[in-house]
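With my numbering, the residue at position 76 of the sequence shown is 126, and numbering never jumps. By construction, the Cβ of each residue, glycine as well, lies at the ideal position given by its N, Cα and C atoms. Notes follow once the structure below has been shown.
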Amino acid sequence: DSVAEVKKKLIPKMRLRYSLYIGDKKDLVHTITLRTPKNITVFDIMQLAQKADSRYKFQWKKMGQKVYIYDIAGIINDFEDGLFWFLHVRKHGNKIIHVEESKKIF
51 DSVAEVKKKL IPKMRLRYSL YIGDKKDLVH TITLRTPKNI TVFDIMQLAQ
101 KADSRYKFQW KKMGQKVYIY DIAGIINDFE DGLFWFLHVR KHGNKIIHVE
151 ESKKIF
């Protein structure tokens, strides 16, 4: 093991579940469990999920200092057609938090 690999193993980890619910009635659901560092962004979680399974593929571009995600699972944001996505985070129990802006949340 290199020094970097050893340090990576020493970082505190957590197990989390990342799910995509597609459709108004949750017509299609994909869920993956990941083991990640405790201090991680939602964007990083999305990148890990897409590396592990192509069903979580997403496309993004940087606009100024912000990341704009415009395609998740092959579905492109299109407000005129009612196609868009929301981010919900569930922490410690059943409380769901709606996140309006990407932040470090863990």
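No Cβ-Cβ contact shorter than 9 Å links T86 with R105. Looking at S52, V53, S69, K116, the one whose alpha-carbon comes closest to that of K107 is S69. Taking all protein chains shown into account, M96 has 16 or more neighbouring C-beta atoms within 10 Å of its C-beta and is therefore buried. Apart from the 5 residues on each side of it in sequence, W135 sits with its Cβ closer than 6 Å to the Cβ of I122 in its chain, given in chain order.
Counting only residues of its own chain and dropping the five nearest sequence neighbours on each side, Q109 has a CB closer than 7 Å to the CB of Y120, D121.
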